[in-house]
Amino acid sequence: RRVSIIGAAGAASGDGAPDSGFYVTTPIYYVNDKPHIGHAYTTVACDAFARFNRLDGRRVRLVTGTDEHGQKVEQSAEK
256 RRVSIIGAAG AASGDGAPDS GFYVTTPIYY VNDKPHIGHA YTTVACDAFA
306 RFNRLDGRRV RLVTGTDEHG QKVEQSAEK
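Laid out in structure tokens, this is it:
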């Protein structure tokens, strides 16, 4: 028996219950920040987790988080 995975959209389980799928999200990457190893690590970890669950027959949505709003972003774009 598989352990149930709980996500934003519902549960995915191997006990015959309907699979409503779930979401996997990365952290918010701030557009004014310099890329670092943490960005790559979390993206790869989330991608691997989503792919593994898809191979196991679950419905998965992988969404990357971005911070696209705010005055600081606008000011940086104008420079």
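Using the working numbering, read the sequence shown as starting at 256 and increasing by one per residue.
We treat Cβ as the ideally placed atom computed from N, Cα and C, and that holds for glycine.
The model shown is predicted, which means the values in this text are computed figures rather than measured ones.
Report all residues from its chain with a CB closer than 7 Å to the CB of residue i; omit the five preceding and five following residues, and keep chain order.
i: Ser331; result: Asn287
Just the C-alpha distance for residue i and residue j, rounded to the nearest angstrom, thanks.
i: Thr298; j: Val279; result: 10 Å
i: Arg313; j: Ala303; result: 14 Å
i: Val328; j: Ile283; result: 14 Å
i: Pro290; j: Arg309; result: 28 Å
i: Ala300; j: Thr319; result: 12 Å
Which partner residues of residue i appear in the DSSP bridge assignment?
i: Thr280; result: Val318
Buried or exposed for residue i, going by 16 or more other Cβ atoms inside 10 Å?
i: Val315; result: buried
What is the DSSP secondary structure of residue i, counted as helix, strand or coil?
i: Arg306; result: helix
i: His291; result: coil
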